[in-house]
Amino acid sequence: MTLTALTDSPALDAPTALAPSPARPVRAGSARPALAVHDLAIRYGAREVLRHVDLEVAPGEVVGLIGESGSGKTSLARSVLGLVPTAAGTVHVDGREVSRYSRAQWRAFRRAGHAQYVFQDPLSSLDGRFTARASVLEGARQAFPAAQAAEHAERALRTVGLDPSLWASRPAQLSGGQRQRVAIARALAVDPALLVCDEPVSALDASSRIEVVRTLGAVARAGTGILLISHDLSSLGAIADRVLVLHEGGIVEAGTAAEVLGAPQHPYTRRLIAAIPTLDRPPAPTAPALHPSLDTSH
């Protein structure tokens, strides 16, 4: 993926509504997946959080991941960047087998920017002392020489549609949607093959959600693979090519976004979708309970 491809694409429309995801071609010339997970297991002590998980994200593809709190979504996402150790299985990012990396190898991998993580709350990843431009520039300097870093940073800020008049603003001066776009720009500034997004719109209002979702759609169209954890069904329906359903540590259903969200087959998926509100549908009052501790915000 090149940021030039992104900045040459049509400008993001003004936020009005989310349309279903169009088909996207795989990045030309790239035969290897952005992410390939095989037979993954994660344990915390004696407790097995994930088992026998397989998934793949192609370049330019958005794969959504849904499930109730405690299903293992965030553990899976964090394992891709070495933030959670794996107990078994393999993880390949952009063709690199990373699941057995040492701490030093993980540090080098993150600095090189092969994969980037976008958090739910951008304030947790943005330094409040830095302007938007300075924050993105700091990220670019991890992967590029100083002479090139400024160009990559400014290109990334243009990519996410942040008005240049806001580049000198600090996080506290920006809206939630603008802060999240800065966080995405910081991730893009190192030209990653994979973007892992953990509930990137859950803390935003409807208008800001649409801005961020459209930004992610533009990123995917340019060739970056995206693993998107979200309980926002409108967002998933708008940009996800495929959706996986995680339940009690395993994937119980997988298919296109239209198949899983529109005509779910597994009983758990049907109950989960009925329990999660969308922008235009409140929670179903008669939806069967999933679990006493269900919290669809994670």
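Following this note's numbering, the residues of the sequence shown are numbered contiguously, the last one being 299.
Glycine included, each C-beta is placed from N, C-alpha and C at the ideal position.
Asked: Give me the Cα-Cα distance between R130 and P265, rounded to the nearest whole angstrom.; Found: 46 Å
Asked: Below 8 Å between beta carbons: does that hold for V119 and V197?; Found: yes
Asked: Just to confirm my understanding: we take R33, look at its own chain, exclude 5 residues before and 5 after, and list those with CB closer than 6 Å. What are they?; Found: G96
Asked: Identify every residue that forms a DSSP beta bridge with Q117.; Found: L196
Asked: If I measure Cβ to Cβ from A1 and keep anything under 7 Å in the same chain, skipping five residues before and after, which residues do I get?; Found: In the structure as shown, the chain begins at 2 and stops at 299. Residue 1 is therefore absent and cannot be evaluated.
Asked: So is P146 buried or exposed if we call it buried at 16+ other beta carbons inside 10 Å?; Found: exposed
Asked: Quick check: the segment 157 to 171 against the segment 182 to 193, are at least 3 beta-carbon pairs closer than 8 Å?; Found: yes
Asked: Report buried or exposed for D206, applying the criterion of at least 16 other Cβ atoms within 10 angstroms of its Cβ.; Found: exposed
Asked: For R48, which three-state DSSP category applies?; Found: strand
Asked: Check for me: the beta strand (DSSP E) holding E254 runs from which residue to which?; Found: 251 to 257
Asked: Can you tell me where the beta strand (DSSP E) with H153 in it begins and where it stops?; Found: It is not in any beta strand (DSSP E) - H153 instead sits in the alpha helix (DSSP H) that spans 147 to 160.
Asked: Classify V38 as helix, strand or coil using the three-state DSSP reduction.; Found: strand
Asked: State the Cα-Cα distance for the pair L245 and D40, rounded to the nearest angstrom.; Found: 15 Å
Asked: Tell me whether S100 is buried or exposed, calling it buried when 16 or more other Cβ atoms sit within 10 Å of its Cβ.; Found: buried
Asked: Go ahead and pull the three-state DSSP assignment for R101.; Found: coil
Asked: Whole angstroms are fine: how far does the CA of A135 sit from the CA of R272?; Found: 45 Å
Asked: Taking the alpha-carbon positions, what's the D242 to D199 distance?; Found: 17 Å
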